[in-house]
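Below: one structure, written as structure tokens.
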Amino acid sequence: MVPEVTQPVGVQNEHDNVAVISSPGMGRCLRALQDFQPKEVVLEEIPLVSAPSGQTDLNTETDKPYLICIGCYLSLKDNNDEAFNCENCGWPFCSELCHSQDITHKTMECDIFKRKNIHQCTESIRSVYFIRCICISKLEDTARWEKILNLTSTYQGGKNKEPDDKDLLVHNYLTNVCGLEISQELLANLNGFRTVNAFQINYCEQELKRFYGMALYDVGSMASHACNPNSRWRTIKPDEKLGFPIRIQANDLIRKGALVTIAYRNKCLTTGTLRRREELFLGHGFLCQCDRCGDATEFNTYFSAQHCTHCAVGYLLPKTPSEPKSDWICKTCGESEGVSFIREIIDRITQQIRRAKEGKCKANETCCKLDIIIKKYTERILHPNHYLIIWAEFLWLQFLEYNLFLLKTTSLKYEIFALMTTRAKHCSDIYTKFFSQQSRFYGYFEKISGLAYYLYYLSPSIWNDMSDKQRLRIMRTTLAHFESSLIYDGWDSDELRFIETKLRHIKTIVPEGTIWSTSNKCGERLVIIYNISELCPSPQRKKLFNSSASFKRDIHLDYAVHTKIYGQWDFLELM
Numbered sequence: 001m002v003p004e005v006t007q008p009v010g011v012q013n014e015h016d017n018v019a020v021i022s023s024p025g026m027g028r029c030l031r032a033l034q035d036f037q038p039k040e041v042v043l044e045e046i047p048l049v050s051a052p053s054g055q056t057d058l059n060t061e062t063d064k065p066y067l068i069c070i071g072c073y074l075s076l077k078d079n080n081d082e083a084f085n086c087e088n089c090g091w092p093f094c095s096e097l098c099h100s101q102d103i104t105h106k107t108m109e110c111d112i113f114k115r116k117n118i119h120q121c122t123e124s125i126r127s128v129y130f131i132r133c134i135c136i137s138k139l140e141d142t143a144r145w146e147k148i149l150n151l152t153s154t155y156q157g158g159k160n161k162e163p164d165d166k167d168l169l170v171h172n173y174l175t176n177v178c179g180l181e182i183s184q185e186l187l188a189n190l191n192g193f194r195t196v197n198a199f200q201i202n203y204c205e206q207e208l209k210r211f212y213g214m215a216l217y218d219v220g221s222m223a224s225h226a227c228n229p230n231s232r233w234r235t236i237k238p239d240e241k242l243g244f245p246i247r248i249q250a251n252d253l254i255r256k257g258a259l260v261t262i263a264y265r266n267k268c269l270t271t272g273t274l275r276r277r278e279e280l281f282l283g284h285g286f287l288c289q290c291d292r293c294g295d296a297t298e299f300n301t302y303f304s305a306q307h308c309t310h311c312a313v314g315y316l317l318p319k320t321p322s323e324p325k326s327d328w329i330c331k332t333c334g335e336s337e338g339v340s341f342i343r344e345i346i347d348r349i350t351q352q353i354r355r356a357k358e359g360k361c362k363a364n365e366t367c368c369k370l371d372i373i374i375k376k377y378t379e380r381i382l383h384p385n386h387y388l389i390i391w392a393e394f395l396w397l398q399f400l401e402y403n404l405f406l407l408k409t410t411s412l413k414y415e416i417f418a419l420m421t422t423r424a425k426h427c428s429d430i431y432t433k434f435f436s437q438q439s440r441f442y443g444y445f446e447k448i449s450g451l452a453y454y455l456y457y458l459s460p461s462i463w464n465d466m467s468d469k470q471r472l473r474i475m476r477t478t479l480a481h482f483e484s485s486l487i488y489d490g491w492d493s494d495e496l497r498f499i500e501t502k503l504r505h506i507k508t509i510v511p512e513g514t515i516w517s518t519s520n521k522c523g524e525r526l527v528i529i530y531n532i533s534e535l536c537p538s539p540q541r542k543k544l545f546n547s548s549a550s551f552k553r554d555i556h557l558d559y560a561v562h563t564k565i566y567g568q569w570d571f572l573e574l575m
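Shown next as structure tokens:
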């Protein structure tokens, strides 16, 4: 049921296509004022404040955290070549360009760090958010500060409320080291604003880089959480004047009057209801009441179901999913188990998967361990669609993807390719129940499916027995997988070179004629799709395009042209 719009709730909504409303039991939410088609932008907004998140990579050799860029929050773990220190305070930037474009650091904490001789460390990084909020509170234009104070906070207030140890440490650092004045109550409120409303900065998903930043938004922070969201969000590449804008896009058709929902934590959506609600409560201070959390079967996926220990036929599911301590009951025999029994099994298998993932074993040994876990617990303990099984299959696919060339000497490689296709489809079918097909999860599994499907049918024992018509169908199916993958996931240069080589390698096993010409065209189309699907190609990709004869076409299109052309492009018709 769509909540009715109430009187203004303190936020001046400058966006004509969404409205901030107040809903009993949910607080403030975003309601769509028009229909939104899949992929359509629902909201784009600049932040009220952004800052380092306080986390970073740890250098295992020195046991010290790596530095991060104070301008864009990029970890300098693998980006030290272009690092540039601020001329005033000495804090690091990832490049001289990033430093020259920065406005926030220069106008806020830079002079404080210089005056107090503060260098980057764990405590100082965590203080940046609070310092910037204090600086904003002193601006003549109070509208920005009032919007921050209007956000929802986990802090309940009260003069007699004792601050926790973390708040005391931060307060002492801000007052004694930075020389700032801030009350305990304001600090607790600012911490609460961050806990409930902060978005992780992740504007560069296509690159293998890590960013450790967060931002608060005026209207975007009002979007409700759902474990099957109808929208997705991401922060856009920063602008020196706009900061880190957030973009919310529709996953599915959103009707006028419906709530706009997003996932506060994408990672927790890949876990079952029991664990997912615990993580959301610890991270954001609420117990989720969305449709998925209220359905014991999680949309008939049985994502959390365990084998019944009494009848060995049925599955245990929570009797009341919305109650964290609810018993789990088998609908086949009626017997039940306590939640502690369920949690014990989950914890034990989770640890086994983590040990297999993080162990210092060769890739084939890791895959073997994961395969044993998948088969062992699917048969006796967990439903085949249980989130731990899906997670183990996902990791298994990742390890194989990174080590495909090792399979050249494996006698069972074609059986493995077939199993890769099966497991990629299994993961994709389950995850797309919760994530839209517009998600990068879908793109990743399409990539794996395309790789495995093609390599499997490339087997001489299979390929040589097929007719030209069957081979053409294989090529078309393969390219359909790659097309979806390139749009939603993105490939790096080495992967693209590998696929192009594989597509053209078909010439060595197929006579001149229809199939080779199709294969040659497939390679060209793959490059074209890849090229226009990348809105901001990296220098490495540009270099790759210019170094190969098949990359000579100049089709680096802007987003508007890309959308216009690609929206009318039926890929299979071009073959």
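Heads up: the sequence shown begins at 1 in the UniProt record's numbering, then just goes up one per residue.
Note that beta-carbon positions come from the ideal geometry of N, C-alpha and C, so glycine has one too.
The structure presented is a predicted model; accordingly, all values stated were derived computationally and were not measured.
Within 10 angstroms of the Cβ of Y402, are there 16 or more other Cβ atoms? Answer buried if so, exposed if not.
One-based indexing of the sequence shown puts residue 402 at position 402. Exposed.
Let me know if V41 comes out buried or exposed under the rule of 16 or more other beta-carbons within 10 Å of its beta-carbon.
Along the sequence shown, read from residue 1 onward, the residue named residue 41 stands at position 41. Exposed, since its Cβ has fewer than 16 Cβ neighbours within 10 Å.
Within 10 Å of its beta-carbon, does K138 have 16 or more other beta-carbons around it, so buried, or fewer, so exposed?
What you label residue 138 is simply residue 138 of the sequence shown in a count that begins at 1. Burial call: exposed.
Let's see if you can read the secondary structure: which residues bound the beta strand (DSSP E) around W233?
Looking up residue 233 in the sequence shown gives position 233. First-last of the beta strand (DSSP E) with W233: 231-235.
Which parts of the region 59-128 are runs of the alpha helix (DSSP H), unbroken and 4 residues or longer, counting only runs that do not cross its ends?
96-101, 104-107, 110-115
Looking at the unbroken alpha helix (DSSP H) that takes in I21, where does it start and where does it end?
One-based indexing of the sequence shown puts residue 21 at position 21. It is not in any alpha helix (DSSP H) - I21 instead sits in the beta strand (DSSP E) that spans 18-23.
Could you check where the alpha helix (DSSP H) with G213 kicks off and where it finishes?
As a working note, residue 213 is residue 213 in the sequence shown. Here G213 belongs to no alpha helix (DSSP H); instead the beta strand (DSSP E) covers 213-216.
Could you check if N191 is buried or exposed, using at least 16 other CB atoms within 10 Å of its CB as the buried criterion?
To locate residue 191, count along the sequence shown from 1; it is residue 191. N191 is buried by the Cβ-count criterion.
Starting from the C-beta of F399, find all residues in its chain whose C-beta is less than 6 Å away, skip the five residues before and the five after it, and write them out in chain order.
Counting from one through the sequence shown, the residue named residue 399 turns up at place 399. A363, T366, C367.
Mind reading off the beta-carbon distance from N385 to T301? Whole number of angstroms is fine, and I expect it under 8 Å.
Residue mapping note: residue 385 aligns to position 385 of the sequence shown, counting from 1. Residue mapping note: residue 301 aligns to position 301 of the sequence shown, counting from 1. 5 Å between Cβ atoms; contact.
So, for I134: in the same chain, excluding its five sequence neighbours on each side, which residues have a beta-carbon less than 7 Å away from its beta-carbon?
As a position in the sequence shown, residue 134 is number 134, starting the count at 1. So the qualifying residues of the chain are L180, I182.
Given a threshold of 16 other Cβ atoms within 10 Å of its Cβ, counted over all protein chains shown, does P52 qualify as buried or as exposed?
The count along the sequence shown starts at 1 and reaches residue 52 at position 52. It is buried - the Cβ of P52 has at least 16 other Cβ atoms within 10 Å.
For Y454, which of M475, C361, Q120 has the nearest alpha-carbon?
Taking the sequence shown and counting its residues from 1, the one referred to as residue 454 is at position 454. Y454 has its Cα closest to that of M475, out of M475, C361, Q120.
Counting Cβ pairs closer than 8 Å, one from the region 22-31 and one from the region 256-276, do we hit at least three?
yes
Quick one: give me the first and last residue of the beta strand (DSSP E) that S50 is part of.
The residue given as residue 50 occupies position 50 in the sequence shown. Its beta strand (DSSP E) spans residues 49-52.
Tell me the rounded alpha-carbon separation between D554 and T235.
Sequence index remark: in the sequence shown, residue 554 carries index 554 (1-based). Sequence index remark: in the sequence shown, residue 235 carries index 235 (1-based). Any reading at D554 is ruled out, since the residue's pLDDT is 29, under 50, leaving its predicted position unreliable.
Check whether the Cβ atoms of I381 and I416 lie closer than 8 Å to each other.
Within the sequence shown, residue 381 is the residue found at index 381, counting from 1. Within the sequence shown, residue 416 is the residue found at index 416, counting from 1. Against a cut-off of 8 Å, the Cβ pair of I416 and I381 comes out as no contact.
Relative to the alpha-carbon of I353, which residue among G334, F445, Y377 has its alpha-carbon at the smallest distance?
For the purposes of this step, residue 353 is taken as the residue at position 353 of the sequence shown. For I353, the nearest C-alpha among the options comes from Y377.
From the DSSP output, in three-state form, read off V42 for me.
Here residue 42 is taken as the residue at index 42 of the sequence shown, counted from 1. Residue state, collapsed to three classes: strand.
For S449 versus T421, is the C-beta spacing smaller than 8 Å?
On the sequence shown, position 449 is the one that residue 449 refers to. On the sequence shown, position 421 is the one that residue 421 refers to. Yes, these two residues count as a Cβ contact at 8 Å.
What residues match up with Y315 in a beta bridge as DSSP calls it?
Working through the sequence shown from its first residue, we reach residue 315 at position 315. According to DSSP, Y315 bridges with H307.
On a CA-only basis, which of H171, L187, E140, Y173 is nearest S153? Give me that one, please.
What you label residue 153 is simply residue 153 of the sequence shown in a count that begins at 1. For S153, the closest of H171, L187, E140, Y173 by C-alpha to C-alpha distance is L187.
Taking only three categories from DSSP, how would you classify E573?
Residue mapping note: residue 573 aligns to position 573 of the sequence shown, counting from 1. Its pLDDT being 26, under 50, E573 is placed unreliably by the model, and the measurement read from it follows with that caveat. Reduced to three states, the DSSP call for E573 is helix.
Using DSSP with H/G/I as helix, E/B as strand and the rest coil, what is I201?
Taking the sequence shown and counting its residues from 1, the one referred to as residue 201 is at position 201. It is coil, neither helix nor strand.
Since V177 contacts I118 with CB under 8 Å, what's their CB separation in whole angstroms?
Position 177 of the sequence shown, counting from 1, holds the residue named residue 177. Position 118 of the sequence shown, counting from 1, holds the residue named residue 118. Sure, about 7 Å apart at Cβ, within 8 Å.
With DSSP run on the structure shown, which of helix, strand or coil describes I346?
As a position in the sequence shown, residue 346 is number 346, starting the count at 1. Helix, per DSSP.
Counting C-beta neighbours from all protein chains within 10 Å, is the total for Q306 16 or more, i.e. buried, or is it exposed?
Here residue 306 corresponds to residue number 306 of the sequence shown, with the count starting at 1. Its Cβ being crowded by 16 or more others within 10 Å, Q306 is buried.
Quick check: the region 31-40 against the region 52-66, are at least 3 beta-carbon pairs closer than 8 Å?
Because the criterion of three Cβ pairs below 8 Å is not met, the region 52-66 and the region 31-40 do not touch.
Return the CA-CA distance between D141 and K147, expressed in angstroms with no decimal places.
As a working mapping, residue 141 is identified with position 141 in the sequence shown. As a working mapping, residue 147 is identified with position 147 in the sequence shown. Approximately 11 Å, taken between the alpha carbons.
Which residue's Cα is closest to the Cα of G71: F84, R348, A418?
Here residue 71 is taken as the residue at index 71 of the sequence shown, counted from 1. The residue among F84, R348, A418 with its C-alpha nearest the C-alpha of G71 is F84.
Could you spell out the range, first to last residue, of the beta strand (DSSP E) harbouring L149?
Here the question's residue 149 lines up with position 149 in the sequence shown. Where L149 is concerned, there is no enclosing beta strand (DSSP E), although the alpha helix (DSSP H) it sits in stretches over 143-149.
Please state whether the Cβ-Cβ distance between L317 and T297 is less than 8 Å.
For the purposes of this step, residue 317 is identified with residue 317 of the sequence shown, where counting begins at 1. For the purposes of this step, residue 297 is identified with residue 297 of the sequence shown, where counting begins at 1. It is a contact, given that the beta carbons lie within the stated cut-off.
Near Y387, which residues of its chain fall below 7 Å by C-beta distance, leaving aside the five closest residues on each side in sequence?
Here residue 387 refers to the residue found at position 387 when the sequence shown is read from its first residue. Contacts found: T270, T271, G272, F303, S304.
Does G192 come out as helix, strand or coil in the three-state DSSP assignment?
Residue 192 sits at position 192 when you count from the first residue of the sequence shown. G192 falls in the helix class under three-state DSSP.
Should K469 go down as buried or exposed, given a rule of 16 or more other Cβ atoms within 10 Å for buried?
To locate residue 469, count along the sequence shown from 1; it is residue 469. Exposed: under 16 other Cβ atoms inside 10 Å.
State the CB to CB distance for the pair C94 and E82, rounded to an integer number of angstroms; the pair is presumed to be in contact (CB under 8 Å).
Locating residue 94 in the sequence shown gives position 94, where the first residue counts as 1. Locating residue 82 in the sequence shown gives position 82, where the first residue counts as 1. Right, their Cβ atoms sit about 6 Å apart.
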